[in-house]
Amino acid sequence: MGSPTREQAGAARGVAVFRLLDREIDRVRRETGRTPRVLDVGGGSGTWAVPLAIAGCPVTVVDTSPNALATLARRADEAEVTGLITPVNGDVDTLAEVAPADGSDLVLGHGLLEVVDDPGRVLTALACAAAPGGAVSVLTVGRYGAFVGRVATGRLAEARALLTDPDGRTGPDDPLLRRFDAGRLRELAAASGRLEVEALQGDGTLEAWLPGPGQESEPAGREERDELDALASTVPELGEVAPRLHLLARRY
Ligand SMILES: C[S@@+](CC[C@H](N)C(=O)[O-])C[C@H]1O[C@@H](n2cnc3c(N)ncnc32)[C@H](O)[C@@H]1O
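Residue 123 in UniProt numbering sits at position 123 of the sequence shown, and the numbers go up by one each step.
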């Protein structure tokens, strides 16, 4: 997947995530001679599905929101990949009814575990949908990254709640049901009984730290920033304070 097509598809974030997904696509092509079959659960309006389809992958998107699927259809049409995307209005709780077990080379659950009732059950469902030897990619909101973001913007009461609430919520009005740290994600992967963690990295590591426009002492180009972001994402200590945590696990 080349960078320009991602930008056209509106996916300016996720540099580190795309690097690992690229590697996964290459691996499947090399080992099987075909393009990976992707299942994107909670894929919403296609932030990930559209660039993956642009890269040539057939992608099934399962989502509960008809509105999000309508936006996905429009974006897919604009990117001329409608034929590669299968939208399914469905719930991860009944995933087996719409996506065959062991049927996908790459299963995405991005932005999903923080909004479902039972993240452990959901991760197990994603693992079951992946073919043995295939990969599961999970992207979640990071608890400590949210803490850093709140402190940086002076919202100290929310910052405190992020540290003291058992689920890392800012309060009863928080739209998210939980936030994750690396340890919690590893525990969930282990509890699925089917996943071996291959990578756990930050995503958007630089977001909270970059100076605003006009404040830079040394204005960085987009490429340089992305490069530094990808490098920082591989440092576990920085990953813990990134806005999002990305886990790539192998199905066994
Ligand atoms: C935060 S958005 C993430 C969208 C996309 N994956 C991304 O990373 O940009 C969460 C998506 O999950 C969907 N969703 C929430 N609960 C779901 C469920 N139980 N089963 C399937 N999709 C669900 C929502 O409709 C929404 O589109």
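By construction, the Cβ of each residue, glycine as well, lies at the ideal position given by its N, Cα and C atoms. Here the structure is a predicted model, which is why all the values come from computation and not from measurement.
Taking the C-beta atoms as reference points, VAL136 is found nearer than 9 Å to LEU123.
A direct Cα-Cα distance of roughly 8 Å separates VAL98 from VAL88. Taking C-beta separations shorter than 6 Å and ignoring five residues to either side along the sequence, the partners of HIS246 in its chain run VAL17, LEU139, GLN201, ASP203, following chain order.
Between ligand 1 and the CB of SER45, the shortest heavy atom gap is smaller than 8 Å.
No Cβ-Cβ contact shorter than 9 Å links GLY145 with ALA232. Sequence-distant Cβ neighbours of LEU84 in its own chain, meaning closer than 6 Å and more than five residues away, are ALA53, PRO58. In its own chain, leaving out the 5 sequence neighbours on each side, no residue places its CB closer than 6 Å to the CB of GLY193. Residue pairing by DSSP leaves ASN67 without any beta bridge partner.
Ligand 1 has no heavy atom closer than 8 Å to the beta-carbon of ALA70. By the C-beta criterion, the region 74-81 is judged not to be in contact with the region 94-109, since fewer than 3 inter-stretch pairs fall below 8 Å.
For SER65, the shortest separation between its Cβ and any heavy atom of ligand 1 lies below 8 Å. By the Cβ-count criterion, ASP173 is exposed, with fewer than 16 other Cβ atoms from all chains shown falling within 10 Å of its own Cβ.
About 6 Å separates the Cβ atoms of GLU196 and ALA249, confirming a contact at the 8 Å cut-off. In the three-state reduction of the DSSP assignment, GLY202 falls in the strand class, which pools E and B.
When the five nearest sequence neighbours on each side are left out, the beta carbons in the same chain lying within less than 8 Å of the beta carbon of ALA182 are those of LEU200, PRO236, GLY239, GLU240, LEU245, in order along the chain. In the three-state reduction of the DSSP assignment, ASP174 falls in the coil class. GLU224 and ALA208 have their C-alpha atoms some 17 Å from each other.
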